[in-house]
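S.K.: Got a structure for you, written out below as structure tokens; questions coming shortly.
There are 2 protein chains.
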Amino acid sequence: MPKIVDADQRRELVADAVFHVIAERGLTQASLRNVAQRAGLALGSVRHYFDDQAELMEFAFRVNSERIHLRALEKLEALEAEELPAEREALVEKCSGVLAELLPLDEPRRADAVVHMEFMLDARTNTLLSDAAQDDYRATGAVVGRVVLQLMESPLATKVLAPVDEAERLIAVLDGLSLRMVLQPAWSAPEHGLATLRRHLVDLITP
Amino acid sequence: MPKIVDADQRRELVADAVFHVIAERGLTQASLRNVAQRAGLALGSVRHYFDDQAELMEFAFRVNSERIHLRALEKLEALEAEELPAEREALVEKCSGVLAELLPLDEPRRADAVVHMEFMLDARTNTLLSDAAQDDYRATGAVVGRVVLQLMESPLATKVLAPVDEAERLIAVLDGLSLRMVLQPAWSAPEHGLATLRRHLVDLITP
DNA sequence: TCTTTTTTAGCACAGATGTTTCACAAATAC
DNA sequence: GTATTTGTGAAACATCTGTGCTAAAAAAGA
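Order-wise, the sequence lines are chains A and B. Residue 102 in the working numbering sits at position 102 of the first sequence, with consecutive numbering throughout. Residue 1119 in the working numbering sits at position 119 of the second sequence, with consecutive numbering throughout.
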């Protein structure tokens, strides 16, 4: 009967336009009109797939959050599946590889991190995004927590760690690095941030 | 001749209104009208003291940034003036006292931190705020850097530290903690964040 | 009291935004 | 082919925004 257009694919296309607008001009500029133009659609088309602006924004937020965490989870599950490296260096390399998916180390991840920051900050005052923000907190908490557990399970970890405390500190390091790298890329280059993360992980397992 | 009104005082009053609006409803709601209403002034009055919205925002940003850093600098200079504590615990206590001024540990500091975050993130895409953001980066870099130097000067510091690297990591911890405490106060209580900061400082000077 | 200067208040305009509504185009099923 | 369902596009509306402009009010000097 109808014209066939994959609705889910269309929604993701619009979400991608949201990401581009936010990355380039900030969340305040992510109006329906700007998003529609960036997506190459008419305003009415966008509104055909999203009843509300609120619905669009929550959808985009969740896509962004899931994209980031799925990337990290893939690497994490690979890490958990195989044997833990016997070398300190290799262990840190594996773990930092997982967590690096949360950092803006290249252009796509940078865009993701920017969008993520803007949404999280907006969720503070925008109650329509608070549920998605809660889910995001849980997701990163799970990823980081599981990485810390991997570190502790290794016989290389000579230090006795309090997993919850160290996970919290590690989350702070990640958030802080991400923020700096996003806002001040001139001073916080990708290799620089990654090196700081690696040093922190080394500190965790060497007394 | 004229009605006498202290212009500088008036500008600070308006800036305070900006802070309240941002803390309660976010930067996007900090319109001239909302700010004027919060300040108990007419729109025309606000515009009498600030030609532009841009001028108001940069002024508010700088007041916020200076307020935060001046608080920390006061404590820092007190720390640098007196003898370094001989007890490890006392040293960490002093240093964390300085850096705690950068964290949202009580309501006024929480409001400052929220406003600070919103401005910093906005400065990414708002070129009119980028100069103020640069000055802010330098200011926190100076404060944190001097604290790290204090830690290294103490004979209690058994570890040999790379000051620049550790300052960068410490800044990340502070930014990350601040972000978490601002966005997720339910999970990141003030005492909790302060404890994490203290643990990090202890880790810095104990091998 | 009158004058002068600052402060305050308000109106009006152009632009942008979310939303509603409606008409049209397109593609499939009969 | 025709009908029906879905997708697309545009116009219109109310609201909010920054800004320009004008006029009243207030306070200090003459």
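No residue lacks a Cβ here, since even glycine has one placed at the ideal position from N, Cα and C.
Does A:Ser-188 pass the burial test, meaning 16 or more other C-beta atoms within 10 Å, or should it be called exposed?
M.R.: In the first sequence, the residue the question calls residue 188 of chain A occupies position 188. Per the 10 Å Cβ criterion, buried.
S.K.: Indicate whether B:Leu-1032 and B:Leu-1043 have their beta-carbon atoms separated by less than 8 Å.
M.R.: Taking the first residue of the second sequence as 1, we reach residue 1032 of chain B at position 32. Taking the first residue of the second sequence as 1, we reach residue 1043 of chain B at position 43. Contact: yes.
S.K.: Can you list the alpha helix (DSSP H) stretches of 4 or more residues lying completely in the stretch 1130 to 1188 of chain B, in chain order?
M.R.: Fully enclosed alpha helix (DSSP H) runs of 4 or longer: 1130 to 1153, 1163 to 1183.
S.K.: Report the three-state DSSP secondary structure of B:Gln-1008 (helix, strand or coil).
M.R.: The sequence position of residue 1008 of chain B within the second sequence is 8, counting from 1. Checking the displayed sequence, the identity of residue 1008 of chain B turns out to be Asp instead of Gln. Three-state DSSP puts B:Asp-1008 in a helix.
S.K.: Would you call the CB atoms of A:Ala-123 and A:Val-182 closer than 8 Å?
M.R.: Along the first sequence, read from residue 1 onward, the residue named residue 123 of chain A stands at position 123. Along the first sequence, read from residue 1 onward, the residue named residue 182 of chain A stands at position 182. No, the pair does not count as a contact, with Cβ atoms beyond the cut-off.
S.K.: Strictly below 9 Å CB to CB, what residues from chain A border B:Tyr-1137?
M.R.: Looking up residue 1137 of chain B in the second sequence gives position 137. Correct list: Arg-180, Leu-183, Gln-184, Trp-187.
S.K.: Quick check on B:Gly-1044: does DSSP put it in helix, strand or coil?
M.R.: Position 44 of the second sequence, counting from 1, holds the residue named residue 1044 of chain B. Residue state, collapsed to three classes: helix.
S.K.: Would you give the residue range spanned by the alpha helix (DSSP H) that B:Asn-1064 belongs to?
M.R.: Locating residue 1064 of chain B in the second sequence gives position 64, where the first residue counts as 1. Here the alpha helix (DSSP H) through B:Asn-1064 covers 1053 to 1081.
S.K.: Mind pulling the chain B residues with CB within less than 8 Å of A:Leu-169?
M.R.: If you number the first sequence from 1, residue 169 of chain A lands on position 169. Going by the sequence as given, residue 169 of chain A is Arg instead of Leu. Within 8 Å Cβ-Cβ: Val-1173, Thr-1196, Arg-1199, His-1200.
S.K.: Say whether chain A places a C-beta atom closer than 8 Å to the C-beta of B:Thr-1125.
M.R.: What you label residue 1125 of chain B is simply residue 125 of the second sequence in a count that begins at 1. Yes, B:Thr-1125 counts as interfacial toward chain A.
S.K.: Suppose you measure from the CA of B:Leu-1128 to the CA of A:Leu-151; what does that come to, to the nearest Å?
M.R.: Position 128 of the second sequence, counted from the start, is the residue given in the question as residue 1128 of chain B. Position 151 of the first sequence, counted from the start, is the residue given in the question as residue 151 of chain A. The alpha-carbon atoms of B:Leu-1128 and A:Leu-151 are separated by roughly 44 Å.
S.K.: Under the assumption that A:Arg-110 contacts B:Ala-1172 (Cβ atoms under 8 Å), give the Cβ distance between them as a whole number of angstroms.
M.R.: Translated into the one-based positions of the first sequence, residue 110 of chain A becomes position 110. Translated into the one-based positions of the second sequence, residue 1172 of chain B becomes position 172. Rounded, the Cβ-Cβ distance is 17 Å, inconsistent with contact.
S.K.: Using 8 Å for Cβ pairs, my map puts B:Asp-1175 next to A:Asp-175. What's the rounded Cβ distance?
M.R.: For this step, residue 1175 of chain B is matched to residue 175 along the second sequence. For this step, residue 175 of chain A is matched to residue 175 along the first sequence. 7 Å between Cβ atoms; contact.
S.K.: What do you get for B:Thr-1206, buried or exposed, if any count of 16 or more other CB atoms within 10 angstroms of its CB means buried?
M.R.: Your numbering for residue 1206 of chain B matches position 206 in the second sequence. With fewer than 16 Cβ atoms within 10 Å of its Cβ, B:Thr-1206 is classed as exposed.
S.K.: Residues of chain B with CB closer than 7 Å to the CB of A:Glu-191, please, in chain order.
M.R.: Against the first sequence, residue 191 of chain A aligns to sequence position 191. Near A:Glu-191 there are no residues of chain B at all, since even the closest Cβ is about 13 Å away, more than 7 Å.
S.K.: Using the three-state DSSP reduction, which class does A:Leu-99 fall into: helix, strand or coil?
M.R.: The residue labelled residue 99 of chain A in the question sits at position 99 within the first sequence. In the structure shown, A:Leu-99 sits in a helix (DSSP, three-state: H, G or I).
S.K.: In angstroms with no decimal places, state the Cα-to-Cα distance between B:Ala-1021 and A:Ala-81.
M.R.: Looking up residue 1021 of chain B in the second sequence gives position 21. Looking up residue 81 of chain A in the first sequence gives position 81. Note on residue identity: the sequence assigns Val, not Ala, to residue 1021 of chain B. For B:Val-1021 and A:Ala-81, the distance between alpha carbons rounds to 50 Å.
S.K.: Name the two residues that bound the continuous alpha helix (DSSP H) containing B:Gln-1037.
M.R.: Counting from 1 along the second sequence, the entry for residue 1037 of chain B is found at position 37. Looking at the DSSP string, the run of the alpha helix (DSSP H) that includes B:Gln-1037 is 1032 to 1039.
S.K.: Taking only beta carbons into account, state which residues of the stretch 1017 to 1044 of chain B come closer than 7 Å to chain A, listed in chain order.
M.R.: Listed by position, the residues of the stretch 1017 to 1044 of chain B near chain A (Cβ gap below 7 Å) are Arg-1025, Gly-1026, Thr-1028.
S.K.: Under 8 Å between the Cβ atoms of B:Val-1115 and B:Ala-1039?
M.R.: Your numbering for residue 1115 of chain B matches position 115 in the second sequence. Your numbering for residue 1039 of chain B matches position 39 in the second sequence. No, the pair does not count as a contact, with Cβ atoms beyond the cut-off.
S.K.: Report yes if the CB atom of B:Val-1098 is closer than 8 Å to the CB atom of B:Leu-1201, and no otherwise.
M.R.: The sequence position of residue 1098 of chain B within the second sequence is 98, counting from 1. The sequence position of residue 1201 of chain B within the second sequence is 201, counting from 1. Against a cut-off of 8 Å, the Cβ pair of B:Leu-1201 and B:Val-1098 comes out as no contact.
S.K.: Compare the C-alpha of A:Arg-67 against each of A:Leu-103, A:Glu-87, A:Ser-45 and name the closest.
M.R.: Numbered from its first residue, the first sequence carries residue 67 of chain A at position 67. Among A:Leu-103, A:Glu-87, A:Ser-45, the Cα nearest to that of A:Arg-67 belongs to A:Leu-103.
S.K.: Quick one: what's got a C-beta closer than 7 Å to B:Leu-1073's C-beta in the same chain, skipping five residues either side?
M.R.: Reading the second sequence from its first residue, position 73 is the one you call residue 1073 of chain B. Closer than 7 Å at Cβ, skipping near neighbours: Val-1143.
S.K.: For B:Asp-1203, report the span of its alpha helix (DSSP H) as first-last.
M.R.: In the second sequence, the residue the question calls residue 1203 of chain B occupies position 203. Where B:Asp-1203 is concerned, the enclosing alpha helix (DSSP H) stretches over 1190 to 1205.
S.K.: Where does A:Ala-86 fall in DSSP's three states?
M.R.: Taking the first sequence and counting its residues from 1, one reaches residue 86 of chain A at position 86. Correct three-state label for A:Ala-86: coil.
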